[in-house]
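For reference, the structure discussed in these notes is given below.
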Amino acid sequence: MRWKEVPRDAKAYIIYHTLLAPQLIIQTLFPLYMLYSGYSLLEVGAFFTVVNIASIPVTYLIGRAFNRWDIKKGILVMDFLDGIAYVLYGLAKGASTPITLFIGKTFEKLSAIFHPLYRAYEQIIYPEEKYEEIFAWHLRLPQIARIVTFPILGYLFGYVYTKPEHYRLAFIGFGLLSIFTMVYVWLVLPSVGKEERIMQQRFTFRIGEFKLLLAFETLLMLAWFLAPEIVLINYVIFVLKKTVFEVTLIAVASSIAAVIGTYASERVPKEKGFRAIGFGMFLSALYALIMSLSPPFWLVILAYALEEFGDNLWFPFYRSWMFKLIPKERASEFHAAITSYQKVIALFTPFVAGALASIHATLPYAVSFTLFVVIGGLFFKMSHKSSETFGVLSEQNKEKKL
Numbered sequence: 086m087r088w089k090e091v092p093r094d095a096k097a098y099i100i101y102h103t104l105l106a107p108q109l110i111i112q113t114l115f116p117l118y119m120l121y122s123g124y125s126l127l128e129v130g131a132f133f134t135v136v137n138i139a140s141i142p143v144t145y146l147i148g149r150a151f152n153r154w155d156i157k158k159g160i161l162v163m164d165f166l167d168g169i170a171y172v173l174y175g176l177a178k179g180a181s182t183p184i185t186l187f188i189g190k191t192f193e194k195l196s197a198i199f200h201p202l203y204r205a206y207e208q209i210i211y212p213e214e215k216y217e218e219i220f221a222w223h224l225r226l227p228q229i230a231r232i233v234t235f236p237i238l239g240y241l242f243g244y245v246y247t248k249p250e251h252y253r254l255a256f257i258g259f260g261l262l263s264i265f266t267m268v269y270v271w272l273v274l275p276s277v278g279k280e281e282r283i284m285q286q287r288f289t290f291r292i293g294e295f296k297l298l299l300a301f302e303t304l305l306m307l308a309w310f311l312a313p314e315i316v317l318i319n320y321v322i323f324v325l326k327k328t329v330f331e332v333t334l335i336a337v338a339s340s341i342a343a344v345i346g347t348y349a350s351e352r353v354p355k356e357k358g359f360r361a362i363g364f365g366m367f368l369s370a371l372y373a374l375i376m377s378l379s380p381p382f383w384l385v386i387l388a389y390a391l392e393e394f395g396d397n398l399w400f401p402f403y404r405s406w407m408f409k410l411i412p413k414e415r416a417s418e419f420h421a422a423i424t425s426y427q428k429v430i431a432l433f434t435p436f437v438a439g440a441l442a443s444i445h446a447t448l449p450y451a452v453s454f455t456l457f458v459v460i461g462g463l464f465f466k467m468s469h470k471s472s473e474t475f476g477v478l479s480e481q482n483k484e485k486k487l
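Every position in the sequence shown, counted from 1, becomes a number in the working numbering once 85 is added.
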């Protein structure tokens, strides 16, 4: 699918995420700022665990409420809360630093409570028959934005502005940028209320497949969350003795591989979606295996690029499968319920990841390797039944034509 063929509303939403992409540098700067400020890796992991607890039940309740409310307003709330969080990070200084950081992270976690609305919004505004093709663009443009901006930001914060006070100013700057994205959301993105979610066809809930989806989500979350950004930062900066610039080089290489992965996904037939997911999981397993062996920096770049290529190869098929298992009328509630389920799984994984990394810097990757292998095997097993899932809609269309 060419960009000009993407529906207007979908284009506006994809551009919105492209505008947000440079802010992802905060995922690198914030944990590094904490480590530079004297916190241990174990303490950082425990910190992230504590602020996750209260958000679990509220996530579901918010999602259920937005079955009736305009989802665009929820997106506005997310940008507002993130902006406050980033400004608070920038104001964290002196004896009050732990309290200010905790309050800021709490605001960021409050924003995360609304994140399931992203998926619900996508499920509604993206045409169902073109999920895979549109998700390729949904992944591609933000990655291109990272390729352009991350080397510049990485050089600035890796070699020019390297002190904690510089990071604090950066947090405030990114927080103020939320004003611009909020204006964009209000003026450009379409509203999605209850009336926009009415399905034209009767929905059949496939409980067996939904249980499989939850099982895969469990394994995926464990595999990903055991090797979070803080583990990579700790290894690259404190073990390999590099800087933020080298961390952003990894991000740029990963984004280039991700863009290639989106084009590769468009060449995979829809009926082979499960096989693509399984292959992508094995690429992730290979990445985790490489990282568990304490590789040199050039091999770290290769490993993360490999993993990102695999992620962007399988993601459109996985998200399309997920959307076909969820009724649009209750999309907000279902996606929020899945996220709450993920939060329960992820409740202690930052602390566990920090503890594993304290034993050995790359031990979390070894655990992730095992989980990715299991997931890949399960999806390859399911690929034999792919005609019963990915082919269902096409068979129904054939029957209608007859």
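Yeah, the Cβ is synthetic: ideal placement off N, Cα and C, and Gly gets one too.
Exposed unless 16 or more other CB atoms sit within 10 angstroms - verdict on residue i
{"i": "residue 268", "result": "exposed"}
{"i": "residue 204", "result": "buried"}
{"i": "residue 485", "result": "With a pLDDT of 41 at residue 485, under the threshold of 50, the predicted position of this residue should be treated as unreliable, though the coordinate-derived value follows. Residue 485 is exposed by the Cβ-count criterion."}
{"i": "residue 174", "result": "buried"}
{"i": "residue 233", "result": "exposed"}
{"i": "residue 480", "result": "Bear in mind that a pLDDT of 48 at residue 480, under 50, signals an unreliable position, so the number given afterwards is only what the model happens to contain. By the neighbour-count rule (16 or more Cβ atoms within 10 Å), residue 480 is not buried but exposed."}
{"i": "residue 195", "result": "buried"}
{"i": "residue 384", "result": "exposed"}
{"i": "residue 348", "result": "exposed"}
{"i": "residue 250", "result": "exposed"}
{"i": "residue 95", "result": "buried"}
{"i": "residue 320", "result": "buried"}
{"i": "residue 438", "result": "buried"}
{"i": "residue 404", "result": "buried"}
{"i": "residue 150", "result": "exposed"}
{"i": "residue 276", "result": "exposed"}
{"i": "residue 283", "result": "Only weak support is given to the placement of residue 283: the predicted model assigns it a pLDDT of 48, under 50, and the value that follows is read from those uncertain coordinates. Answer is exposed; the Cβ neighbour count stays below 16."}
{"i": "residue 190", "result": "buried"}
{"i": "residue 468", "result": "buried"}
Given residue i as reference, the closest of the options once Cα atoms are compared
{"i": "residue 72", "options": "465, 164 and 216", "result": "Outside the displayed range of the chain (86 to 487) lies residue 72, so it cannot be described from this structure."}
{"i": "residue 386", "options": "362, 419, 359 and 341", "result": "341"}
{"i": "residue 451", "options": "437, 346 and 378", "result": "378"}
{"i": "residue 414", "options": "328, 348, 260 and 156", "result": "156"}
{"i": "residue 311", "options": "165, 87, 96 and 447", "result": "447"}
{"i": "residue 376", "options": "207, 108, 453 and 430", "result": "453"}
{"i": "residue 332", "options": "390, 308, 88 and 357", "result": "390"}
{"i": "residue 257", "options": "393, 207, 314 and 177", "result": "177"}
{"i": "residue 352", "options": "95, 116, 398 and 458", "result": "398"}
{"i": "residue 408", "options": "305, 212 and 439", "result": "212"}
{"i": "residue 307", "options": "405, 428 and 266", "result": "428"}
{"i": "residue 396", "options": "221, 116 and 318", "result": "221"}
{"i": "residue 271", "options": "163, 179, 372 and 339", "result": "163"}
{"i": "residue 97", "options": "426, 116, 357 and 207", "result": "207"}
The alpha helix (DSSP H) enclosing residue i, as first and last residue numbers
{"i": "residue 421", "result": "416-430"}
{"i": "residue 168", "result": "156-176"}
{"i": "residue 370", "result": "358-377"}
{"i": "residue 204", "result": "201-210"}
{"i": "residue 397", "result": "382-409"}
{"i": "residue 102", "result": "93-105"}
{"i": "residue 352", "result": "Residue 352 -> no alpha helix (DSSP H), and no H or E assigned at all."}
{"i": "residue 88", "result": "Run containing residue 88: none; DSSP gives neither H nor E here."}
{"i": "residue 302", "result": "292-310"}
{"i": "residue 231", "result": "216-240"}
{"i": "residue 84", "result": "What the structure shows of the chain is the stretch from 86 to 487, and residue 84 is not part of that stretch, so it cannot be assessed."}
{"i": "residue 466", "result": "448-468"}
{"i": "residue 197", "result": "182-198"}
Proximity of residue i and residue j at Cβ, strictly below 8 Å
{"i": "residue 200", "j": "residue 434", "result": "no"}
{"i": "residue 226", "j": "residue 110", "result": "no"}
{"i": "residue 252", "j": "residue 114", "result": "yes"}
{"i": "residue 431", "j": "residue 144", "result": "no"}
{"i": "residue 106", "j": "residue 255", "result": "no"}
{"i": "residue 465", "j": "residue 346", "result": "no"}
{"i": "residue 369", "j": "residue 457", "result": "yes"}
{"i": "residue 291", "j": "residue 463", "result": "no"}
{"i": "residue 402", "j": "residue 361", "result": "yes"}
{"i": "residue 460", "j": "residue 366", "result": "yes"}
{"i": "residue 160", "j": "residue 202", "result": "yes"}
{"i": "residue 224", "j": "residue 359", "result": "no"}
{"i": "residue 273", "j": "residue 442", "result": "no"}
{"i": "residue 239", "j": "residue 172", "result": "no"}
{"i": "residue 329", "j": "residue 235", "result": "no"}
{"i": "residue 198", "j": "residue 147", "result": "yes"}
{"i": "residue 169", "j": "residue 192", "result": "yes"}
{"i": "residue 322", "j": "residue 117", "result": "yes"}
{"i": "residue 108", "j": "residue 334", "result": "no"}
Cβ of residue i within 8 Å of any chain D Cβ
{"i": "residue 111", "result": "Absence of chain D from the displayed structure is noted, only one protein chain being present."}
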